[in-house]
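The next block holds one structure in the form of structure tokens; read it before the comments.
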Amino acid sequence: MKQNWNNYSTDDHEVWNILFERQVKNLQDKAWNEYLQCIPRAGIHGDRVPDFRIVEEHIGKETGWQIEVVKGIIPVQEFLELLAKKRFCSSTWLRSREQLDYLEEPDMFHDTFGHLPLLVNKQYADFVQQFAVMGLKFCDNEQAVMLLERLYWFTIEFGLMKENGQLRIYGAGILSSFGESHHIYSDKVELKKFTVKDVLLQPFHNNEVQHLYFVVENMNDLWNSIPETEKFLTDFVNGKFDEEEFCFEKQLGSAAMG
């Protein structure tokens, strides 16, 4: 599949502009500063729907990543195989004016505005690729996949970090959400220090605003989580843990990897 950029309407470009300008302004004191700097470096701007050919040229030049156009959610193993090859999945449909603040499934604003900019950052991009390489080793175990989804959910989608002592966003699910990027600073959420064990033990619901987030100190926490997770999952599939400890029945839905 390819993006048919010429098929976007004037209204599509206007909706993109509304979403982009509102969220860039909103994130100035909320997002990881590196993310804000990566948006233009990725060839993403507010005046028009991004042309994936241009975005690929920018990201490819920086880290070698490309865009894989998909219709929607794809199987986990297929998604991880694409990430391992430095291909990030994105839909091409854009929400309507009536859907500015709520969608049941990710659209291209989430995929493109939320995920793609940080693929310009080599350390983050390498983390995403190595997450996939590691994850592919466990795709034949359904429960291990659920644990992988937890790591993906609480980092790549809903991750928070400390920057100069301040709470900052790097997870795409928050970066692309006007409401959730405000929500994390309210007294309705619990913030926990990121550890691999705590994340892998934590079920989540994918159909509601989050109430628990994990905070990394810096990107080194993410990079170090790869070998730690591999060891943890190896022990898990070898029966070294009590499955009841993982609360699989409390996890509603998947992390929508893909």
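Residue 7 is where the sequence shown starts when you use my numbering, and the numbers rise one by one after that. We treat Cβ as the ideally placed atom computed from N, Cα and C, and that holds for glycine.
With respect to the beta strand (DSSP E) encompassing Lys-198, which residues constitute its N-terminal and C-terminal limits?
Its beta strand (DSSP E) spans residues 196 to 199.
Mind checking Met-7: buried by the 16 CB within 10 Å criterion, or exposed?
The residue in question, Met-7, is exposed, as its Cβ has fewer than 16 Cβ neighbours within 10 Å.
Would you list the one or two residues that DSSP bridges to Gln-72?
Paired residues: Arg-93.
Kindly indicate which three-state DSSP category Gly-264 falls into: helix, strand or coil?
With a pLDDT of only 47 at Gly-264, under 50, the local geometry of the prediction cannot be trusted, and the value read off the model is given with reservation. In the structure shown, Gly-264 sits in coil (DSSP, three-state: anything other than H, G, I, E or B).
State the CB to CB distance for the pair Val-75 and Ser-96, rounded to an integer number of angstroms; the pair is presumed to be in contact (CB under 8 Å).
Yes, Val-75 and Ser-96 are in contact; Cβ-Cβ is about 6 Å, under 8 Å.
Are Val-243 and Phe-220 touching if we call contact CB-CB under 7 Å?
No, these two residues do not count as a Cβ contact at 7 Å.
Taking His-51 as the reference, which of Asn-23, Lys-77 and Glu-87 has the closest Cα?
Nearest of Asn-23, Lys-77 and Glu-87 to His-51, Cα basis: Asn-23.
Does DSSP put Phe-254 in a helix, a strand or coil?
Three-state result, Phe-254: helix.
According to DSSP, simplified to helix, strand and coil, what is His-211?
Note: His-211 maps to strand in three-state DSSP.
To the nearest whole angstrom, what separates the beta carbons of Val-2 and Gly-165, a pair I think is in contact under 8 Å?
Nothing about residue 2 can be reported from this structure: the residues present for the chain run from 7 to 264 only.
Taking 7 Å as the limit between beta carbons, can you name the residues of its chain near Asp-113, skipping five residues before and five after?
Cβ neighbours of Asp-113 beyond the five flanking positions: Ser-97, Trp-99, Leu-100 and Arg-101.
For the beta strand (DSSP E) containing Glu-27, list its first residue and its last residue.
No beta strand (DSSP E) contains Glu-27, which is instead part of the alpha helix (DSSP H) from 16 to 33.
Who are the Cβ neighbours of Cys-253 in its own chain at under 6 Å, not counting the five residues just before and after it?
Same-chain partners within the cutoff: Pro-209.
Hey, could you find the ends of the alpha helix (DSSP H) Phe-184 is sitting in?
Element bounds for Phe-184: 184 to 189.
Nearest-angstrom Cα distance between Lys-256 and Met-152?
Those two C-alpha atoms are separated by around 11 Å.
What residue from Gln-29, Phe-144, Ile-190 and Tyr-191 has the CA that sits closest to Gln-83's CA?
With distances taken between Cα atoms, Gln-83 lies closest to Phe-144.
Mapping the DSSP letters down to three states, classify Leu-88 as helix, strand or coil.
Helix at Leu-88.
For Ala-37, list the residues DSSP reports as bridge partners.
Ala-37 pairs with Ile-175.
Could you please give me the residues that DSSP links to Met-167 through a beta bridge?
DSSP, once it has assigned bridges, lists Arg-174 and Val-222 as partnering Met-167.
Tell me the rounded alpha-carbon separation between Arg-54 and Arg-28.
Their Cα atoms are separated by approximately 14 Å.
Output the distance between the C-alpha atoms of Ala-131 and Val-195, rounded to the nearest integer angstrom.
Their Cα atoms are separated by approximately 28 Å.
Between the beta-carbon of Ile-65 and the beta-carbon of Leu-125, is there less than 7 Å?
In contact: Ile-65 and Leu-125 (Cβ atoms closer than 7 Å).
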